[in-house]
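Engineer: Below you'll find the structure I mean.
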Amino acid sequence: MKTMPAPDAPAHAHTFEHVSRFAGATAAECRTFHAAPGAFARLTPPPIFVQVHRDSIRDLVAGDVEFTLWFGPIPVRWHAQHAPGINASSFVDYQVSGPLAYWYHEHMISDVPGGVELRDRLTIAHKPGLVGLLTRLAFDGLPLRLLFIYRHLRTRLALRRAA
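Letter by letter, the sequence shown follows residues 1245 to 1407 of my numbering.
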């Protein structure tokens, strides 16, 4: 799968990737799941919950969303923009403003023999100081790996139900 490097990524950015294949599903079905109302909340693992303040996303490839992720009583405010991905089934979201120095998330969805592949590639950089320390604890390493395991599991279950 041909991909492009994240645009304007700072030198200290690093990339995380999680890939799953879902047998018997199609890229169109996977994209439909991600575009469905409430998908963002369904893909957010407990005990975190998302509060959407404004959502102008149109068909995953245009528009933006302002939201707060609640880590218990701690609010983390974001503004993310959506854009087209590497193919018609894929899309990108990137941070306009939020807790990190840089966030560029590619959702690459492709038909493969026997099913569909979902490849999440996230390029991130942390801010300096205390904020950067806190985002490293919440949005990197093991917590990030667990987030994408959860998201891919929820996607797998939704695609099985749709079959």
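Ideal Cβ placement from N, Cα and C applies to all residues, glycine included.
Mind checking whether Pro1254 and Tyr1346 have CB atoms under 9 Å apart?
Structural biologist: Yes, they are a contact pair.
Engineer: To the nearest angstrom, how far is the alpha carbon of Phe1260 from that of Gly1359?
Structural biologist: Near 23 Å, if we compare the C-alpha coordinates of Gly1359 and Phe1260.
Engineer: Does the structure place the segment 1305 to 1314 close enough to the segment 1323 to 1337 that three or more beta carbon pairs sit under 8 Å?
Structural biologist: Output reads yes: the segment 1305 to 1314 touches the segment 1323 to 1337.
Engineer: Counting Cβ pairs closer than 8 Å, one from the segment 1260 to 1280 and one from the segment 1290 to 1298, do we hit at least three?
Structural biologist: The segment 1260 to 1280 is not in contact with the segment 1290 to 1298.
Engineer: How would you call Ala1280, buried or exposed, if buried means at least 16 neighbouring beta carbons within 10 angstroms?
Structural biologist: Answer is exposed; the Cβ neighbour count stays below 16.
Engineer: Among Val1305, Ala1250 and Tyr1348, which one has its Cα closest to the Cα of Asn1331?
Structural biologist: It is Val1305 whose Cα lies nearest to the Cα of Asn1331.
Engineer: Would you tell me roughly how many angstroms separate the C-alpha atoms of Leu1391 and Thr1399, rounded to the nearest one?
Structural biologist: Answer to the nearest angstrom: the Cα atoms are 12 Å apart.
Engineer: Just the Cα atoms here: how many angstroms apart are Arg1365 and His1349?
Structural biologist: Near 6 Å, if we compare the C-alpha coordinates of His1349 and Arg1365.
Engineer: Does DSSP put His1256 in a helix, in a strand, or in coil?
Structural biologist: Coil.
Engineer: Taking all protein chains shown into account, do 16 or more other C-beta atoms lie within 10 angstroms of the C-beta of Phe1315, making it buried, or fewer, making it exposed?
Structural biologist: Exposed, since its Cβ has fewer than 16 Cβ neighbours within 10 Å.
Engineer: Is His1278 helix, strand or coil when you go by DSSP?
Structural biologist: DSSP places His1278 in helix when its eight states are reduced to three.
Engineer: Could you check whether Leu1362 and His1351 sit closer than 9 Å to each other, using their CB atoms as the reference points?
Structural biologist: Yes, the pair counts as a contact, with Cβ atoms nearer than the cut-off.
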